[in-house]
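Visitor: With the numbering used here, you'll find the sequence shown wraps up at 243, consecutive numbering, no jumps. I'd like to ask you about the structure that follows.
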Amino acid sequence: MSSSSSLASASRILDAAAGIVAAPGAMAGLYLAALSVPVRLRVYAPDESIRLAVVVPAHNEAADIQETVASLLATTYPTSRRRVVVVADNCTDNTATLARAAGAEVLERHNLDQRGKGYALEFAFQSLIAEGNTDAVVVVDADTVVSRNLLTSCAARLRAGELAVQVDYQVRNADTSWRTRLLHIAF
């Protein structure tokens, strides 16, 4: 047997092994794609009557908060039916000042015994419930840039009877580090 036929044979064996290893992932992908077809075909009528509050929990997010607020204010949802509320949670930087300058309402929370996103969200929800002028809440991370139709799409699904809506989330800075690259791959 010549060395070229040996290499070709080895190459076919490696190709077959790679195919066997990749098959479960490919099958899972095909399964998920098949499940998503009915969802993608569903059409939701636009509805801009729901009063939305977009809550952005933020802890020392000065680097990103203005871009996040700007993207939320640039959505196509009517300004009279939506609010952008940033919860500056135990911040030691100028997140609150920058969020206000960008056009958001800001709730400042200082409680070093209760730290984290859950406490920030609870603080915002209690405030919104007490005011009584919000129909639904959309939670957006402080380092997020949203699509212009985010709120319109969420409102349409809520009006159609959905109790909760999960949107597609993509990592904005996928090439910054190995961690953000892994997050991008995971999402």
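The C-beta atom is built at its ideal place from N, Cα and C for all residues, glycine as well.
Name the two residues that bound the continuous alpha helix (DSSP H) containing residue 186.
Guide: Here the alpha helix (DSSP H) through residue 186 covers 173 to 187.
Visitor: Grouping DSSP H, G and I as helix and E and B as strand, with all else coil, what is residue 77?
Guide: Helix at residue 77.
Visitor: Is the beta carbon of residue 111 sitting closer than 8 Å to the one on residue 162?
Guide: In this structure, residue 162 does not lie closer than 8 Å to residue 111 by Cβ.
Visitor: At what residues does the alpha helix (DSSP H) containing residue 126 begin and finish?
Guide: It spans 121 to 129 - the alpha helix (DSSP H) in which residue 126 sits, taken as one unbroken run.
Visitor: Give me the Cα-Cα distance between residue 191 and residue 107, rounded to the nearest whole angstrom.
Guide: C-alpha separation (whole angstroms): 5 Å.
Visitor: I'd like the list of long-range same chain contacts for residue 150, defined as Cβ closer than 8 Å, with 5 residues on each side in sequence excluded.
Guide: Counting only Cβ-Cβ distances below 8 Å, and skipping sequence neighbours, we find 118.
Visitor: Let's see if you can read the secondary structure: which residues bound the alpha helix (DSSP H) around residue 212?
Guide: Taken as a continuous stretch (DSSP letters only), the alpha helix (DSSP H) holding residue 212 covers 206 to 215.
Visitor: Quick check on residue 142: buried or exposed, where buried means 16 or more other Cβ atoms within 10 Å of its Cβ?
Guide: Flag for residue 142 reads buried.
Visitor: Any contact between the region 207 to 226 and the region 173 to 183? By contact I mean 3 or more CB pairs, one from each, below 8 Å.
Guide: At 8 Å Cβ cutoff, the stretches do not touch.
Visitor: Does the distance from the CB of residue 206 to the CB of residue 223 come in under 8 Å?
Guide: Taking 8 Å as the Cβ cut-off, residue 206 and residue 223 qualify as a contacting pair.
Visitor: Just to confirm, is the Cβ distance from residue 167 to residue 147 under 8 Å?
Guide: Going by C-beta atoms, residue 167 is not nearer than 8 Å to residue 147.
Visitor: When you compare each of 198, 136 and 155 to residue 189 by their alpha carbons, which one comes out closest?
Guide: Closest by alpha carbon: 136.
Visitor: Within 7 Å: the Cβ of residue 106 and any heavy atom of the ligand ATP?
Guide: For the ligand ATP, the structure offers nothing, since it holds no ligand at all.
Visitor: Please decide whether residue 145 counts as near chain C, where near means a Cβ-Cβ distance under 8 Å.
Guide: In summary, chain C is missing from the structure at hand, where a single protein chain is found.
Visitor: Tell me which residues share the same chain as residue 37 and place their Cβ nearer than 7 Å to its Cβ, disregarding the 5 neighbours each side in the sequence.
Guide: As displayed, the chain neither begins before 57 nor continues past 243, which places residue 37 out of reach and without an answer.
Visitor: Among 120, 128 and 144, which one has its Cα closest to the Cα of residue 114?
Guide: Ranking the options by Cα distance to residue 114, first place goes to 144.
Visitor: Excluding the 5 residues preceding and the 5 following residue 204 in the sequence, name in chain order all residues of the same chain whose CB lies nearer than 7 Å to its CB.
Guide: Excluding positions up to five away in sequence, the list reads 130, 131 and 132.
Visitor: Would you kindly work out how many angstroms separate the C-alpha atoms of residue 156 and residue 138, rounded to a whole number?
Guide: Going from the Cα of residue 156 to the Cα of residue 138 covers about 16 Å.
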